[in-house]
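Since the structure comes first, as structure tokens, the remarks are kept for the end.
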Amino acid sequence: MKTTQYLAEVVQELSRTVDLISDEEAEKLVNKILESKKIFVAGAGRSGFMGKSFVMRMMHMGIDAYVVGETVTANLEKDDLLIIGSGSGETKTLVSIAEKAKSLGGTVAAVTISPDSTIGKIADIIIKLPGSPKDQSDSEYKTIQPMGSLFEQTMLLFYDALILRFMEKKGLDSTKMYGKHANLE
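If you read the sequence shown in the working numbering, its first letter stands for residue 2, the second for the next number, and so on.
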């Protein structure tokens, strides 16, 4: 198969994920972002990279947002929001972060394949994304892609869709957001 044929199949897989995501839960998350003083995003591996891109866009919109684990990350306080992206919902470091956020009075949102996971049970808001876990041997969701790629790509697109919804609710456009783009590059 040619590379472009693989790309076409990946795009088809991604388009099939849209109807499997709860608009109601997504709207809860957008509203919680609007209500929260600070937003924190955590994820491990590629899920963490998707989270970093989400934090970057929130910063462009003037939201006080941080990547958990960076040296310039602020402290989480009562009523702040922690968003954890984890396919399995069982990554030990992320479970500890979720527990700590709850103990400090924060709200926890899980973006995951596994709502019944440890992180899912801790979370106040759960966004179930379709996809296969890294070990696809007993997955009910079939994909041609390796490991957790479909989940990670869906997460990136979901985060971008949240940004679009936030922009709509706040009356923002790309021109206004560009004013916050890094200028020391």
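For every residue, glycine included, the Cβ atom is placed at its ideal position computed from N, Cα and C.
Residue i burial status per 10 Å Cβ neighbour count (16 or more: buried)
i, result
"Y7", "exposed"
"S138", "Only weak support exists for where S138 lies, its pLDDT of 49 falling under 50; the value from the coordinates is given anyway. By the neighbour-count rule (16 or more Cβ atoms within 10 Å), S138 is not buried but exposed."
"L95", "buried"
"G90", "buried"
"S37", "buried"
Start-to-end residues for the alpha helix (DSSP H) that takes in residue i
i, result
"I120", "T119 to I123"
"V31", "D24 to E36"
"L95", "K93 to S104"
"V56", "G46 to H61"
"K170", "S150 to K171"
Range covered by the beta strand (DSSP E) that runs through residue i
i, result
"V73", "Careful: V73 lies outside any beta strand (DSSP E) and carries neither H nor E."
"V11", "Careful: V11 lies outside any beta strand (DSSP E), inside the alpha helix (DSSP H) at T4 to T18."
"I64", "Where I64 is concerned, there is no enclosing beta strand (DSSP E), given that its DSSP letter is neither H nor E."
Distance between residue j and residue i (C-alpha atoms, nearest Å)
i, j, result
"I84", "V42", "5 angstroms"
"V68", "I40", "9 angstroms"
"M148", "S87", "13 angstroms"
"V112", "T4", "30 angstroms"
"E28", "E10", "29 angstroms"
"S104", "A110", "14 angstroms"
"K53", "E71", "10 angstroms"
Identified DSSP bridge partners for residue i
i, result
"G86", "G44 and V112"
"K129", "T113"
Notebook entry, point to check: Can at least three beta-carbon pairs, one atom from the region 96-114 and one from the region 164-177, be found at a separation below 8 angstroms?
Noted result: no
Item checked: Touching by the beta-carbon criterion (3+ pairs, under 8 angstroms), the region 12-22 and the region 58-71 -> no
Note to self: Can you confirm whether the region 120-129 touches the region 46-57 when touching is taken to mean that 3 or more C-beta pairs between the two stretches lie within less than 8 angstroms?
What the structure shows: no
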